[in-house]
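Below is one structure, written out as structure tokens, with a few remarks after it.
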Amino acid sequence: MATSTTDDIRAEFLVEPFVEGAPGHHVAMALEACRSHGLEPEMGPFATVIVGPTDTVTAAVESMSQAALQHGATAVQVRLGESPATTRFGDLHDVLAQMVAAVEEQLGAPLAELSREQKQAAVRILDQRGAFLLRKAVESVGEMMGVSRITIYNYLNAIHNDDD
């Protein structure tokens, strides 16, 4: 995994649309844009991460976004923040917590404070990002929302029926 200094910044990004199997051409071009700035992107199950000096990372993010959009991406989501001393992925509970935090930030409130429609939107986003593939995620998200696991399953069933 990448290591960093205290002056480094971390960028996490998602390039859409998601393509099953190998990353699409738009993702390959985004990764190449990062490499052209001397950064080696680390592809994870939910986001790709680059770590480096602030000026380098911000320039790479701009190049990456342009390259992805010019090659067929429909959306690019980027999150910049201070880099921990060592970049690492924690256990699966940490991954779910990070995914939930990103959704809460995107929707502007903690899961428990969302309206019913917003909770359904949150479940859709988490489902699209693969959160419910994690063991006990349905129960954990239900607890965070203040609803039962049955409610989460009902939301998921409605989402999957809409997609058919």
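Numbered continuously in the numbering used here, the sequence shown closes out at residue 358. Ideal placement from N, C-alpha and C gives every residue a C-beta, glycine not left out. Remember, it's a predicted structure, so these values are computed and weren't measured experimentally.
How far does the beta strand (DSSP E) with residue i in it extend, from its first residue to its last?
| i | result |
| --- | --- |
| F210 | Looking at the sequence provided, one finds Glu at residue 210 rather than Phe. First-last of the beta strand (DSSP E) with E210: 202-210. |
| E226 | Careful: E226 lies outside any beta strand (DSSP E), inside the alpha helix (DSSP H) at 219-229. |
| V243 | 242-247 |
| A269 | 269-276 |
Please classify residue i as buried or exposed, where buried requires at least 16 neighbouring CB atoms within 10 angstroms.
| i | result |
| --- | --- |
| G246 | buried |
| H220 | buried |
| A279 | Note on A279: pLDDT 49, under 50, position unreliable in the model; no value is reported. |
| L327 | exposed |
| A254 | buried |
| I344 | exposed |
| A296 | buried |
| L238 | Note that residue 238 is Gly in the sequence shown here, rather than Leu. Its Cβ having fewer than 16 others within 10 Å, G238 is exposed. |
Residue range of the alpha helix (DSSP H) that residue i falls in?
| i | result |
| --- | --- |
| E307 | It is not in any alpha helix (DSSP H) - E307 carries neither H nor E in the DSSP assignment. |
| R323 | Where R323 is concerned, there is no enclosing alpha helix (DSSP H), given that its DSSP letter is neither H nor E. |
Assuming residue i and residue j are in contact, meaning their beta carbons sit under 8 Å apart, how far apart are those beta carbons, in whole angstroms?
| i | j | result |
| --- | --- | --- |
| P211 | L225 | Actually they are not in contact, since the Cβ atoms of P211 and L225 sit about 16 Å apart, beyond 8 Å. |
| E206 | V243 | 5 Å |
| Y347 | V332 | 7 Å |
Under 9 Å between C-beta atoms, does residue i make it to chain D?
| i | result |
| --- | --- |
| L263 | Among the chains in the structure shown there is no chain D, since it carries only a single protein chain. |
Closer than 8 Å is the cut-off here; do at least three beta carbon pairs connect the stretch 333-342 with the stretch 306-315?
Remark: three or more beta-carbon pairs, one from each stretch, lie closer than 8 Å, so the stretch 333-342 and the stretch 306-315 are flagged as touching.
Three-pair Cβ contact test at 8 Å for the stretch 344-355 versus the stretch 253-268:
As far as the Cβ criterion goes, the stretch 344-355 does not touch the stretch 253-268, which means the pair count is below three.
Is the number of C-beta pairs between the stretch 219-229 and the stretch 309-323 that are closer than 8 Å three or more?
Cβ pair count under 8 Å is below three, so no.
Is the stretch 247-265 in contact with the stretch 287-296, if contact means three or more CB pairs nearer than 8 Å?
The answer is no - the stretch 287-296 does not touch the stretch 247-265, with fewer than three Cβ pairs under 8 Å.
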